[in-house]
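There are 2 protein chains.
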Amino acid sequence: MRTSIATVCLSGTLEEKIHACAEAGFDGIEIFEQDLLVSPRSPEQIRMLADELGLSLDLYQPFRDFEGVTEDLLEANLYRAEAKFKLMNLLGIGTVLLCTNVATATIDDDELAAAQLQRLADLAARYSVRIAYEALAWGKYVNDFEHAWRIADLVDRPNFGTCLDSFHILSRNWDPSGIEKIPAEKIFFVQLADAPRMSMDVLSWSRHHRVFPGEGDFALAQFMGHLVRAGYNGPVSLEIFNDIFRQTDEKRTAVDAMRSLIWLEEQTHLHLQDTEGPGFSYPMELATLPKVDDPTGFNFTEVKAEHTGAVQELLYQLGFGYAGRHRTKPVQLWTQGQARVVINEQQARNLEPSIAALGFDVENPVVAASRAVQLKAQPVPRQSQADEEVLQAVSAPDSTEVFLCEASADGTAAWTREFTPESGAPEHAAGDPTAELITRVDHVNLSQPWQHYDEAVLFYESTLSLARQPSTEVPSPLGLVRSQVMRTEDRGIRLALNVAPMALEHPTAASSYPAHVAFACTDLIAVARRALARGLDFLPVPANYYADLQARFRLDEQLLDTLQRYNLLYDRDEDGEFLHFYTATVGNVFFEVVERRGGYDGYGAPNTPVRLAAQYERSRREQD
Amino acid sequence: MRTSIATVCLSGTLEEKIHACAEAGFDGIEIFEQDLLVSPRSPEQIRMLADELGLSLDLYQPFRDFEGVTEDLLEANLYRAEAKFKLMNLLGIGTVLLCTNVATATIDDDELAAAQLQRLADLAARYSVRIAYEALAWGKYVNDFEHAWRIADLVDRPNFGTCLDSFHILSRNWDPSGIEKIPAEKIFFVQLADAPRMSMDVLSWSRHHRVFPGEGDFALAQFMGHLVRAGYNGPVSLEIFNDIFRQTDEKRTAVDAMRSLIWLEEQTHLHLQDTEGPGFSYPMELATLPKVDDPTGFNFTEVKAEHTGAVQELLYQLGFGYAGRHRTKPVQLWTQGQARVVINEQQARNLEPSIAALGFDVENPVVAASRAVQLKAQPVPRQSQADEEVLQAVSAPDSTEVFLCEASADGTAAWTREFTPESGAPEHAAGDPTAELITRVDHVNLSQPWQHYDEAVLFYESTLSLARQPSTEVPSPLGLVRSQVMRTEDRGIRLALNVAPMALEHPTAASSYPAHVAFACTDLIAVARRALARGLDFLPVPANYYADLQARFRLDEQLLDTLQRYNLLYDRDEDGEFLHFYTATVGNVFFEVVERRGGYDGYGAPNTPVRLAAQYERSRREQD
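For the protein sequence lines, the chains are A and B, in the order given. Here the first sequence is numbered in the working numbering, starting from 1285 and rising by one per residue. Here the second sequence is numbered in the working numbering, starting from 1285 and rising by one per residue.
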């Protein structure tokens, strides 16, 4: 598949954009006219730069609102078009994009539009330019791709074809299977965009909220399937208008963009295998990625800190046992059931306790890591001794290290053998192996910087096959927190990505959105009792909360008393019940313990505002 | 008018919110239940705190989705309601808000809904609670206020009435004049919200984009007029769900909120005077503000800097003359025509040149300042000698000082007499008074922090009667810039407020959105020629821009050459032409010179991306 991207997707100057696209590995680019007009570099210089970097210049988009107009307007449009065709000759770009008229058209007549477009096509032919005519979703008279194609067919010129844009087709819910009826040689260009489903006017939706494939809700592998079946074999180009991508580092955005196409190429291949069988042949070559199964569970979580005492104490209070120090590295291991927490003091100067790494159980770590690297994930360099387990790791967009670990049937992890309990046990080393109430990690909750949120979603979706669940917004004293759960189908991995509000003026903002690990247990009240006996500092839950709980659920008095005594939170739905509590925050991390009863599948979302407010109250108090 | 505000409008804890409301001068507050549930303070403590601060607790909003349900659900709802009525007795709140059912209603039957609400009313009566029933714009069966009132009428209980919310009425374009048909004693409560007109689903619009009155597009003075005519005299309460207000300093937001009600009160008074005449009497008392005419022009602009040489040089190159130093302050004055620039070195250590103050010509500065202060603007403390002009100034939300200056018929300013040219003229003091091509300030363009944008709009609207024009979005290499022009009807004042993208990762972001002053002139080419002769560093305009200009406008070659030689930009519309150029940026400020030909009324918006890109290119180069 030939990959391309429009310069409008990225921030920076045209030169910076071109460099970023080349570094990310695109085959070509579309020049968005605005980017050229504001550039001090001449068309010839741009052509030379792209050439040096091995990028083809696939498309130019210099004007709109051409057809369906009065004769004097048409004449002005042709004048302008000719100037642009000359410019395209300087740039060496052979295809021009022409969108259906949204503004100046006054005559709703396909024959007339086609006749006017014929004049444009004949003019373009003099400059060896092909015209790709595209229906905008909000075109005045022409807003669906089949209508645009009918007009292109009427134009009937070899250098006049159509451009298909997934946004303009899928946003309006046009049936994309009609693509297969268009002759392949008449599909001059394809633009791809994903978008979250939103109910707003389609123009604003398109101009601000497009995202890269895999980051939104459109069925793009199916869309691509229609193109492949139609016999299309040209560039597949990203044209993403997104307020955030426009203002973030262009190099990162270009990598995110490239990842989306690599992933979509694989998804398209899988979709075609499903629908057409393996023998189906088509002109477009679709590269695939190493196939991996879903990860089955968290292998470990790693907390990094200069001073580890407070984290050790929390783990001890939660019933974790000290499994020892690593033979060669300044790293401790604490375990309970299949929950493993690594505490890492390596290169942690001045670092408050923070989640630094997550280990995922996978079938084959080397294959999984190779897949991630092909998806442009950055490998984490690791040193290991000859007799140690070689661990595979890549860096997530927020710099969390993602380890791909070998899953074992009995739930153990081979690398734990490198830890020796004898050497220098910390104060609270005495675990309680007779009462391993905590069994595993239920979920992990990471704060994401707002500018890398979409990138993070695609990263976890493409490298670890985590599927996005519906996102929610949770009120906190510092603003709304957007929460996006991603998980495997069997719930072995549940990962929540949170985007916190900026709250620039609140001095406590930075520390108010710590990450956390939630452990699953079989008996939450027993875990809480033990923790209280060991002096755990529970996050306090206000009395007003329990009064409301009673009004909502009519809990029996004894349960309500128990919940309140241990600062436990409660939720219930048709499928079951959820009990949980939070520890105090240490640095940038805290822990949660949860008990799922029956088929409860959520995360106690109604209780999250209570947690956020309690954490805010605490951070205010510590500040005073 | 009794003023009130819902705690959901503000950030922080319930206690912080209550303090902020009291400090801003509200009469009462609505407690949003979530704020109470997450608070560690008991209902009694909240009641006591409000009491101490002199705030009434006007409304509680503990549940939704009551009526139109099956009997067993109704029974659970009554159980929950009774718990909440008990809680309201502890809080000392007498009115509960009940929104029409959006989620659980399954029976579309007004008689049944009324019968179920009767049972709720009778239960509430036992706790002396009144119920204010409000139609939500997205209510399942009841979504307009007249329907809700018909049901309230059927309920027919003295403690059952209606609540009217401007958002739910105006967002759906219901005719608000129906309000006048509702008996005054049955309007239990009024909630006010403004909002920008947006075409998106009404729920998202309501939950994220409400703003304070005067910051959106709703005709709220007219809305209030209907309420006053209906005889309503209860609290007028703000219930604003806004993503930005939720995350900004609650004290500022509360002041912004209070300003909106003070302004709306005046606007309502003026509206009723217009429609009913001065003799009209009604129960609601409406306070007014000192009446002022529109400001007629910019009296001066002030640039503050530690090192003033570069600004002086720019002014000299633009043809300004040095009018001297202030008698007692480290301040210089440069003038040309009626354009006056004050350069201030006072307390400017380490300060890059920045726009620090704007002077506005007003009829009566003392009255205008008093009005601004009544609108909660912060006065700027000023020291002046006995024989000096006493200048009135208040602080705008971005800390720019707004001076209210006496306008004189001949365009001079009395305070300029305090400047004496004799003492220590700087290097470039030789102005060119024979060629005062620049006549006045055309417009000023200020960058606004995103979190204070709505506040700034209301500030200029209420204190200086500037009217918002349609806002635009301009692409820059660091993201979209939102631009909002505000002006007086006669264009004497044109002020553009710009919200820049955050571009946190771009090292040049901070300096890429300087403010600027645009001077009007009678002959731009002559100004440019003189400036070039004096060595002005023009902001360079790329050749690609001129090629496009030619394609768009077919300019004659000579004009095009002249434009390109002097780095001039050009725009044209049906009403006239616009020529302009920009200087290099010095610190956080640059200058523009514009020539309006014919009736051109814009700002060369198509050229702004060219300017932003050129400034970005420069800042990148300076960085390298």
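Glycine is no exception: its CB is placed at the ideal position from the N, C-alpha and C atoms.
From the options, residue whose alpha carbon lies closest to that of residue i
i	options	result
residue 1720 of chain A	A/1446, A/1671, A/1620	A/1620
residue 1400 of chain B	B/1390, B/1588, B/1351	B/1351
residue 1738 of chain B	B/1866, B/1783, B/1701	B/1783
residue 1296 of chain B	B/1318, B/1311, B/1285, B/1682	B/1318
residue 1378 of chain B	B/1498, B/1731, B/1473	B/1473
residue 1910 of chain B	B/1597, B/1581, B/1670	Only positions 1285 to 1908 of chain B appear in the structure, and residue 1910 of chain B is not among them; the question remains open.
residue 1952 of chain B	B/1494, B/1409, B/1586, B/1407	Missing from the structure shown is residue 1952 of chain B; chain B here goes from 1285 to 1908 and no further.
residue 1662 of chain B	B/1320, B/1647, B/1684, B/1346	B/1684
residue 1293 of chain B	B/1535, B/1679, B/1588	B/1535
residue 1894 of chain A	A/1837, A/1335, A/1859, A/1828	A/1828
residue 1448 of chain B	B/1366, B/1489, B/1517	B/1517
residue 1510 of chain A	A/1541, A/1470, A/1463	A/1463
residue 1808 of chain B	B/1342, B/1861, B/1457	B/1861
residue 1899 of chain A	A/1544, A/1617, A/1799	A/1799
Environment of residue i [buried if 16+ CB atoms lie within 10 Å]
i	result
residue 1374 of chain A	exposed
residue 1794 of chain B	In this prediction, residue 1794 of chain B scores a pLDDT of 49, lower than 50, which makes its location untrustworthy; no coordinate-derived value is stated.
residue 1881 of chain B	exposed
residue 1746 of chain B	buried
residue 1897 of chain B	buried
residue 1538 of chain B	buried
residue 1872 of chain B	buried
residue 1301 of chain A	buried
residue 1289 of chain B	buried
residue 1380 of chain A	buried
residue 1668 of chain A	exposed
residue 1552 of chain A	buried
residue 1858 of chain A	exposed
residue 1609 of chain B	buried
residue 1372 of chain B	buried
residue 1443 of chain A	buried
Cβ-Cβ separation, residue j to residue i (assumed contact under 8 Å), whole Å
i	j	result
residue 1425 of chain B	residue 1387 of chain B	Not a contact, Cβ separation roughly 12 Å.
residue 1697 of chain A	residue 1687 of chain A	So it is not a contact: roughly 10 Å between Cβ atoms.
residue 1573 of chain A	residue 1655 of chain A	5 Å
residue 1514 of chain A	residue 1548 of chain A	About 17 Å; that fails the 8 Å criterion.
residue 1633 of chain B	residue 1569 of chain B	At roughly 50 Å, the Cβ-Cβ gap does not stay under 8 Å, so residue 1633 of chain B and residue 1569 of chain B are not in contact.
Contacts that residue i makes with chain A (C-beta to C-beta distance below 8 Å)
i	result
residue 1897 of chain B	1297, 1322, 1323
residue 1483 of chain B	1484, 1485, 1488
residue 1911 of chain B	There is simply no residue 1911 of chain B to check, as chain B begins at 1285 and stops at 1908 in what is shown.
residue 1527 of chain B	1763, 1764, 1785
Neighbour list for residue i in chain A, Cβ cutoff strictly below 7 Å
i	result
residue 1730 of chain B	Near residue 1730 of chain B there are no residues of chain A at all, since even the closest Cβ is about 19 Å away, more than 7 Å.
Closer than 9 Å at the beta carbon, the chain A residues around residue i
i	result
residue 1762 of chain B	1295, 1296, 1530, 1531
residue 1371 of chain B	1828, 1831, 1832, 1835
Contacts of residue i in chain B (Cβ-Cβ under 9 Å)
i	result
residue 1368 of chain A	1832, 1835
residue 1681 of chain A	None at all; the shortest Cβ gap to chain B is about 12 Å.
residue 1887 of chain A	None at all; the shortest Cβ gap to chain B is about 17 Å.
Within chain B, partners of residue i - CB distance below 7 Å
i	result
residue 1495 of chain A	In chain order: nothing, as chain B lies at least about 16 Å away.
residue 1349 of chain A	Per Cβ cutoff of 7 Å: no residues; residue 1349 of chain A is ~12 Å from chain B at best.
Where residue i meets chain B, residues with beta-carbon distance less than 8 Å
i	result
residue 1318 of chain A	1759, 1893
residue 1344 of chain A	Those do not exist, as residue 1344 of chain A stays about 13 Å from chain B at its closest Cβ, beyond 8 Å.
residue 1824 of chain A	1324
residue 1363 of chain A	1835, 1838
residue 1901 of chain A	1297, 1324
Residue i beta carbon near the ligand COA (any heavy atom closer than 6 Å)
i	result
residue 1653 of chain A	Ligands in the displayed structure: none, and consequently the ligand COA is not present.
query: Does the pairing of the stretch 1847 to 1859 of chain B with the stretch 1812 to 1831 of chain B give three or more beta-carbon distances under 8 Å?
result: yes
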